[in-house]
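To keep things clear, I will list the structure first and then write my remarks on it.
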Amino acid sequence: MTTTCVCDDMPPAILPRSPPPLMEELVEEILLRLPPDEPAHLFRAAAVCKAWRTMLSDSSGVGFLRRYRKFHGTPPMLGYLRNTRYHPEFVATTSAASPPSLSSAMPMPVDDCNVFWEVLDCRHGRVLMHHAYGTSSSFAFIIWDPITRARNHVVVHGHNQNLLAAAVICDIDGCDHLDCHGGPFRLVLVEKRHNVNGEDIARASVYSSETDAWTVTSASIVLSHFESVHRWCPSLLIGDVLYFTLNGGVWRSIVHLKYDLGSHGLSIIDTSGVCCDAVAIKAEDGGLGFVDASEDNCIYLWSSKQANGTTGGDGRWARHKAMDLNKLALFPTSRASLFDSRVIGYIEGTNTIFFSIHYTGVFKLDLKSSLVRKVNAKRFARYCIVPYTSFYTPGYLLDIQDFELAS
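The sequence shown: position 226 = 225 (numbering that gives the first Met the number 0), numbered continuously.
Structure (structure tokens):
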């Protein structure tokens, strides 16, 4: 018979030691490098533990999130807005698995389904919408922040059909626009009026949310040589100058207005020869440029050259090829001639444009790196889209949830 002796002095089994916790500074350096164009990364990180949640939800303006925005610089694109037949639509370009989905987190701020609204402009975290087809003596604007869900209503007295262009901008001096939410804003409006001679003129006016008042500027230009003008695509801000692109009302004619925010001057830019489908962008020299897609599916850039050979200003416009889309295998091989392309948008302050291919989808192109990525495979956009850029971090969602629970 065999017996087993169990000694009381046997050492206990040694359990594996838990790894030491990461230093807070090291955690911050890792999280700092999460790409901002996929908000899901930060939301998942916030769910790891209470300490991470606290760090990633700090909205004091001096903590980690401030460092995160400054580290990445330009706010990322979270999606784009497009005007449909009846109401605007937000199309998310981030991961569909983002917690929460951006499409559900950003409900459109349109309460009355029987009223037509359209998106006009988007800048500094704000979307500018307006009552599109009203017939009354006044028309309304909504300035909407999709991240915080805040919205401001502005009413303008005048006929809706006189609206030529509008833009929204932040009104905080020295703001870096990395966390541009909730502060004062300005609304710049260009309307068509009649002068004492009965001529059609374009006149600018500015609304300030701080004073809740309109200021009619002395800036005006004669439009009598155009049959009619209407909006074509969102405005472009370069420095202190706003550029508006309008359809001239004549076949294949285009009108470009320049409004100086400092001097309040309004003028027409001579863009003779530039394609009527061209989208305004910031050129390499920092001035105004254009980009368009030709019938042979090539992307072209337009730049202005003065008589002395320098670039910029309102001189002669030169066109050069930037990319041949036919070489990227984006078009089906059969009946390729039916799949035309069109430039439909631009992310302000970047090198990124958007083009749409019939029956194929919407793509974004980095003009500097020539990198192309499909952002939507289901929708073909014939008209300009309005990109929405902003940092989307867990703190915003928690603020919204706290507000909804309290109300």
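Think of the CB as a built atom: it goes at the ideal place given N, C-alpha and C, for glycine as much as any other residue.
Since we're looking at a predicted model, the values are computed, not measured.
Which residues does DSSP list as the beta-bridge partners of residue i?
i, result
"M54", "Bridge partners of M54: none, in fact."
"I242", "Residue 242 is actually Tyr in this sequence, not Ile. In DSSP, Y242 forms a bridge with L235 and K257."
"I171", "I171 is not bridged to any residue."
"K320", "Y299"
"E24", "Note: E24 sits in no beta bridge, so no partner."
"Y345", "I352"
"R150", "W143"
"H193", "D199"
"E88", "R81"
"V47", "Beta-bridge pairing links V47 to no other residue."
"D36", "In DSSP, D36 forms no bridge with anything."
"R122", "R125"
"H292", "Sequence check: residue 292 is Ala here, not His. DSSP, once it has assigned bridges, lists I298 as partnering A292."
"Y206", "L186 and W213"
Whose C-beta lies closer than 8 Å to the C-beta of residue i among residues of the same chain, with five residues either side of it excluded?
i, result
"V278", "C232, T244, F289, V290, D291, V342, I343, G344, Y345, I352 and C383"
"I237", "K281, G285, G286 and L287"
"A165", "L119, D120, L127, H129, F140, L186, V187, L188, V189 and S234"
"N161", "E190, K191 and R192"
"H176", "P74, H123, G124 and C169"
"Y387", "M76, L77, G78, Y79, L80, F89, C121, V126 and P145"
"E27", "M54, F63 and R66"
Kindly list the residues whose CB is nearer than 6 Å to the CB of residue i, restricted to its own chain and excluding five residues on each side of it in sequence; keep chain order.
i, result
"T270", "H255"
"L265", "A203, A218, I220 and Y258"
"D365", "N350 and T351"
"V273", "F289, W301 and W316"
"N296", "L324, N325 and S340"
"R318", "Y299 and W301"
"Y85", "none"
"N151", "I142"
"D36", "P75"
"C174", "none"
With 16 as the cutoff for other CB atoms within 10 Å, does residue i come out buried or exposed?
i, result
"P34", "exposed"
"I280", "buried"
"K326", "exposed"
"P15", "exposed"
"G202", "For the sequence presented, residue 202 should be read as Arg rather than Gly. It is buried - the Cβ of R202 has at least 16 other Cβ atoms within 10 Å."
"R372", "exposed"
"Y242", "buried"
"W51", "buried"
"E198", "exposed"
"N407", "The requested residue 407 does not occur in the structure, where the chain is confined to residues 0 to 406."
"N196", "exposed"
"V47", "exposed"
"L41", "buried"
"L408", "One cannot answer for residue 408 here, as it falls past the ends of the chain, which runs 0 to 406."
"V61", "exposed"
"D172", "exposed"
"Y206", "buried"
"D211", "exposed"
"E283", "exposed"
"E347", "buried"
Within its chain, find whatever has a CB closer than 7 Å to the CB of residue i; leave out the 5 residues flanking it on each side and keep chain order.
i, result
"I419", "With the chain running from 0 to 406 in the structure shown, residue 419 is simply not present."
"E209", "D170 and P183"
"L31", "R66, Y67 and F70"
"V167", "D120, R122, R125, L127, I142, F184 and L186"
"E117", "N82, P87, M128, H129 and A131"
"D57", "F63, L64 and G394"
"S369", "M322"
"V408", "With the chain covering 0 to 406 only, the question about residue 408 has no answer from this structure."
"K320", "C297 and Y299"
"S293", "Y299"
"K367", "N350"
Throw me the rounded Cβ distance for the residue i and residue j pair, which I believe falls under 8 Å.
i, j, result
"L260", "D239", "5 Å"
"A45", "S94", "Not confirmed; about 16 Å, so no contact."
"H263", "T216", "4 Å"
| Segments of 3+ residues assigned as beta strand (DSSP E) that fall wholly inside the stretch 353 to 392 | 360 to 365, 371 to 375 and 385 to 388
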